[in-house]
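Enquirer: First the structure, then my questions, so here it is.
Here you go:
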């Protein structure tokens, strides 16, 4: 994303993490925020941007620049620095920088928001631990009484084009004999 005049001025035309100047610069929105608001963006050089986007922090020496950027007056720079330091926390210097930074609660919430969103995702798995997705076909692993009918769905019945129940990882919806029913994921196996 190209940088606007406000970001260019704020960063003094240098990377806000490693302070490189005289290089091509890019605007990076700090997740989970993804808008064009300069307050949610950090100006990065191509090297920092590439490593942040690929989530590759193996060159720990390169990231020692975060010891300075964590003290920035720009909240987005502090948050991104904190997030990267968290991924390098096995390094003593990174852990020390995180501990001494003292981010306020609002910035800590922003820094941890992406991880919380990832943890809150509902993942549906069959009885064998295989991840299920909407549209998959599954096979019943045991006979099931279909409530509200006198029908028993026999083991081995194919249920095509399932739908995932959004707020419950243990339930899917599928059609058996033309009736849409809720089936517990522990009673199905994904069909290949």
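In the UniProt record's numbering, the protein residues as written are 1 to 192.
Note that the Cβ used here is the ideal one computed from N, Cα and C, for glycine as well.
The model shown is predicted, which means the values in this text are computed figures rather than measured ones.
Would you tell me roughly how many angstroms separate the C-alpha atoms of residue 177 and residue 114, rounded to the nearest one?
Expert: The alpha-carbon atoms of residue 177 and residue 114 are separated by roughly 42 Å.
Enquirer: When you compare only the Cα positions, how much space is there between residue 62 and residue 45?
Expert: If you take the alpha carbons of residue 62 and residue 45, they lie about 13 Å apart.
Enquirer: Does the distance from the C-beta atom of residue 170 to that of residue 162 stay below 9 Å?
Expert: Taking 9 Å as the Cβ cut-off, residue 170 and residue 162 do not qualify as a contacting pair.
Enquirer: What are the start and end residues of the beta strand (DSSP E) that includes residue 173?
Expert: From DSSP, the beta strand (DSSP E) with residue 173 extends over 171-176.
Enquirer: Enumerate in chain order the residues of its own chain whose CB-to-CB distance from residue 187 is below 8 Å, with the five nearest sequence positions on each side excluded.
Expert: Counting only Cβ-Cβ distances below 8 Å, and skipping sequence neighbours, we find 127, 140, 141, 142 and 144.
Enquirer: Measuring only the C-alpha atoms, how far is residue 148 from residue 181?
Expert: Approximately 10 Å between the Cα atoms of the pair.
Enquirer: So, at 8 Å on beta carbons, what are the nonlocal neighbours of residue 193 in its own chain, with the 5 sequence-adjacent residues on each side left out?
Expert: Past the boundaries of the shown model lies residue 193; the chain is included only from 1 to 192, so the question cannot be answered.
Enquirer: Use the C-beta contact count for residue 98: other C-beta atoms within 10 angstroms, 16 or more gives buried, fewer gives exposed.
Expert: Label assigned to residue 98: buried.
Enquirer: Pull the bridge partners of residue 66 from the DSSP assignment, please.
Expert: BP columns for residue 66 are empty, so no partner.
Enquirer: What is the residue span of the alpha helix (DSSP H) that residue 84 lies within?
Expert: Segment 75-87, the alpha helix (DSSP H) holding residue 84.
Enquirer: If residue 159 sits next to residue 138, beta carbons under 8 Å apart, how far is it from one beta carbon to the other, in whole angstroms?
Expert: Confirmed, about 5 Å.
Enquirer: Contact defined as beta carbons within less than 8 Å: I believe residue 125 pairs with residue 185. What is the distance between those atoms, to the nearest angstrom?
Expert: About 6 Å separates the two Cβ atoms, so the contact holds.
Enquirer: Mapping the DSSP letters down to three states, classify residue 163 as helix, strand or coil.
Expert: DSSP places residue 163 in strand when its eight states are reduced to three.
Enquirer: Take the Cβ of residue 19 as the centre, count every other Cβ of all protein chains shown within 10 Å, and call the residue buried at 16 or more, exposed below.
Expert: Its Cβ having fewer than 16 others within 10 Å, residue 19 is exposed.
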